[in-house]
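Structure, as structure tokens:
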Amino acid sequence: MTQTDRLSAGRPGVLGMLLLLAAFGAQHAHAGLFDDEEARRQVTDLQIKANERLDTAARGQMELANQIQALRDETARLRGQVETLAYELEAAKKRQQDFYVDLDGRLRKLETPVAATPVEAKPADDGKPATGGEAPRKVASDPAAEAREYEAALNLFRANKLKEAAAAFDAFAKAHPDSTLTPNAYYWLGNAHYALRDCRKTIDAQRVVFSKWPAHAKAPDALLNVATCQQELGDSKGARTTLEALLVKYPDSSAATAAKQRLKK
2 MTQTDRLSAG RPGVLGMLLL LAAFGAQHAH AGLFDDEEAR RQVTDLQIKA
52 NERLDTAARG QMELANQIQA LRDETARLRG QVETLAYELE AAKKRQQDFY
102 VDLDGRLRKL ETPVAATPVE AKPADDGKPA TGGEAPRKVA SDPAAEAREY
152 EAALNLFRAN KLKEAAAAFD AFAKAHPDST LTPNAYYWLG NAHYALRDCR
202 KTIDAQRVVF SKWPAHAKAP DALLNVATCQ QELGDSKGAR TTLEALLVKY
252 PDSSAATAAK QRLKK
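Set out below in structure tokens:
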């Protein structure tokens, strides 16, 4: 019996132990290889998901940027429209002012201003002028000077210098209470206040026109302007009453036509 045979016969468990260790090592190596492949697969999956999320975020940012640019473009377009409308509104106001100023001039040509006649003192019985209870001599008005002063105020209104125009019309009305141009001055004073967004002063000025000069050509328009301001001040009942009064007093005027349309609303 050889030495090897004796070793095998004497230690039968050693060989088995070696075979078991070899098998365990092979299994462990296989398991280690499997774990590496699984880890690589998971890393790859994570990379794919991360790339997908980055792509989604990038698309979202691009869409957001496009929306922001679209909003900027729309804002610029609307701003341009606002500027255009503001210009057109200002031009329309200017045309309206020019129209009314021209109409005012045409109406004044139809009116014949009459200069005030100086009042002479009546002589007393002894041939001497009376100095007691007689009225003082009235100074004659100068229609030409009044017309120039009125025209200057009107030119301020035409130039859209509204505060200056209001002051000029007010000064004219106070300086020339008996002038044939005074009703016009009050009317334009009211219009100047309306353009300055002061409806209360507008109503005060326009009421002077139709209350003191009810037969004047501008009286119906003055009433219509009062109704407009009453409506803007929230006095719907007062505005309706004024429009109804306009229809009664001036049924054939152009202002009455406008009043009918407003009363239908």
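Each residue of the sequence shown is one higher than the last, beginning at 2 in my numbering. In this text, a Cβ means the ideal position worked out from N, Cα and C, and glycines have one as well. Model, not experiment: these values are computed from the prediction.
(1) Report all residues from its chain with a CB closer than 8 Å to the CB of Ala-256; omit the five preceding and five following residues, and keep chain order.
(2) Using a Cβ cut-off of 8 Å (strictly closer), state whether Ala-167 contacts chain C.
(3) So Trp-189 is in the alpha helix (DSSP H); what residue range does that whole segment cover?
(4) Between which two residues does the alpha helix (DSSP H) containing Asn-226 stretch?
(5) Buried or exposed for Asn-67, going by 16 or more other Cβ atoms inside 10 Å?
(6) If you run the structure through DSSP and keep just helix, strand and coil, what is Ser-180?
(7) Using three-state DSSP, classify Asn-156 as helix, strand or coil.
(8) Compare the Cα-Cα distances from Ala-169 to each of Ala-186, Thr-181, Ala-260 and report the closest residue.
(9) Taking the straight line between their C-alpha atoms, what separation do you get for Arg-60 and Glu-53?
(10) So the alpha helix (DSSP H) Lys-250 belongs to, where does it begin and stop?
(11) Is Ala-216 helix, strand or coil by DSSP?
(12) Candidates Asp-236, Ser-212, Ala-146: which alpha carbon is nearest His-177's?
(13) Sorted by chain position, which residues of the same chain lie with C-beta nearer than 6 Å to Ala-228's C-beta, five sequence neighbours on each side aside?
(14) What did DSSP end up calling Ala-260 once you bin it into helix, strand or coil?
(15) For the putative contact between Ala-206 and Gly-191, defined by C-beta atoms under 8 Å, what is the C-beta separation to the nearest angstrom?
(16) Determine the direct distance from the alpha carbon of Gln-48 to that of Leu-55, and round the result to whole angstroms.
(17) Whole angstroms is fine: what's the gap from Lys-219's alpha carbon to Glu-165's?
(18) Give the straight-line distance between the Cα atoms of Ala-58 and Lys-50, rounded to the nearest whole angstrom.
(19) Going straight from the alpha carbon of Thr-45 to that of Glu-39, what length do you get?
(20) Beta-carbon separation of Val-209 and His-217 under 8 Å?
(21) With DSSP as the reference, label Asn-67 as helix, strand or coil.
(22) Could you give the distance in angstroms between the alpha-carbon of Ala-260 and the alpha-carbon of Asp-236?
(23) Taking 6 Å as the limit between beta carbons, can you name the residues of its chain near Cys-230, skipping five residues before and five after?
(24) Name the residue from Ser-254, Gln-232, Tyr-251, Arg-149 whose alpha carbon lies nearest to the alpha carbon of Arg-263.
(25) Return the CA-CA distance between His-194 and Lys-250, expressed in angstroms with no decimal places.
(26) Using CA atoms only, rank isn't needed, just tell me which of Gln-43, Ala-172, Leu-197, Ser-180 is closest to Lys-213.
Straight from the coordinates:
(1) Translated into positions along the sequence shown, residue 256 becomes position 255. Only residues of its own chain outside the window of five on either side were considered, and among them Pro-221, Asp-222, Leu-224, Leu-225, Leu-247 have a CB closer than 8 Å to the CB of Ala-256, listed in chain order.
(2) Judged by its chain identifiers, the structure shown contains no chain C, having just a single protein chain.
(3) Against the sequence shown, residue 189 aligns to sequence position 188. Per DSSP, Trp-189 belongs to the alpha helix (DSSP H) from 183-196.
(4) Position 225 of the sequence shown holds residue 226. Element bounds for Asn-226: 220-233.
(5) The residue you call residue 67 lines up with position 66 of the sequence shown. Asn-67 should be labelled exposed.
(6) Residue numbering aside, residue 180 sits at position 179 when the sequence shown is read from its first letter. Of the three classes helix, strand and coil, the one that applies to Ser-180 here is coil, per DSSP.
(7) Locating residue 156 in the sequence shown gives position 155, where the first residue counts as 1. Note: Asn-156 maps to helix in three-state DSSP.
(8) As a working mapping, residue 169 is identified with position 168 in the sequence shown. It is Ala-186.
(9) In the sequence shown, the residue the question calls residue 60 occupies position 59. In the sequence shown, the residue the question calls residue 53 occupies position 52. If I take the Cα positions, the gap works out to 11 Å.
(10) One-based indexing of the sequence shown puts residue 250 at position 249. 237-250 is the span of the alpha helix (DSSP H), which, as asked, contains Lys-250.
(11) Counting from 1 along the sequence shown, the entry for residue 216 is found at position 215. Ala-216 falls in the coil class under three-state DSSP.
(12) Sequence index remark: in the sequence shown, residue 177 carries index 176 (1-based). His-177 has its Cα closest to that of Ala-146, out of Asp-236, Ser-212, Ala-146.
(13) As a first step, residue 228 must be located in the sequence shown, where it is residue number 227. So the list reads Ala-240, Thr-243, Leu-244, once near-sequence residues are dropped.
(14) Numbered from its first residue, the sequence shown carries residue 260 at position 259. Note: Ala-260 maps to helix in three-state DSSP.
(15) By one-based count along the sequence shown, residue 206 stands at place 205. By one-based count along the sequence shown, residue 191 stands at place 190. About 4 Å; that satisfies the 8 Å criterion.
(16) For the purposes of this step, residue 55 is taken as the residue at position 54 of the sequence shown. For the purposes of this step, residue 48 is taken as the residue at position 47 of the sequence shown. Those two C-alpha atoms are separated by around 10 Å.
(17) By one-based count along the sequence shown, residue 219 stands at place 218. By one-based count along the sequence shown, residue 165 stands at place 164. Computed Cα separation, rounded: 22 Å.
(18) Start at 1 with the first residue of the sequence shown, and residue 58 comes out as number 57. Start at 1 with the first residue of the sequence shown, and residue 50 comes out as number 49. Between the alpha carbons of Ala-58 and Lys-50 lies a gap of roughly 12 Å.
(19) Locating residue 45 in the sequence shown gives position 44, counting from the first residue. Locating residue 39 in the sequence shown gives position 38, counting from the first residue. So the alpha carbons of these two residues sit roughly 10 Å apart.
(20) Reading the sequence shown from its first residue, position 208 is the one you call residue 209. Reading the sequence shown from its first residue, position 216 is the one you call residue 217. No.
(21) Counting from one through the sequence shown, the residue named residue 67 turns up at place 66. In the structure shown, Asn-67 sits in a helix (DSSP, three-state: H, G or I).
(22) Within the sequence shown, residue 260 is the residue found at index 259, counting from 1. Within the sequence shown, residue 236 is the residue found at index 235, counting from 1. Roughly 16 Å between the two C-alpha positions.
(23) Residue 230 sits at position 229 when you count from the first residue of the sequence shown. Cβ within range, chain order: Cys-200, Thr-203, Ile-204.
(24) Position 262 of the sequence shown holds residue 263. Of the candidates Ser-254, Gln-232, Tyr-251, Arg-149, the residue whose Cα lies closest to the Cα of Arg-263 is Gln-232.
(25) One-based indexing of the sequence shown puts residue 194 at position 193. One-based indexing of the sequence shown puts residue 250 at position 249. Approximately 25 Å, taken between the alpha carbons.
(26) Taking the sequence shown and counting its residues from 1, one reaches residue 213 at position 212. Taking only the C-alpha atoms, the option nearest Lys-213 is Ser-180.
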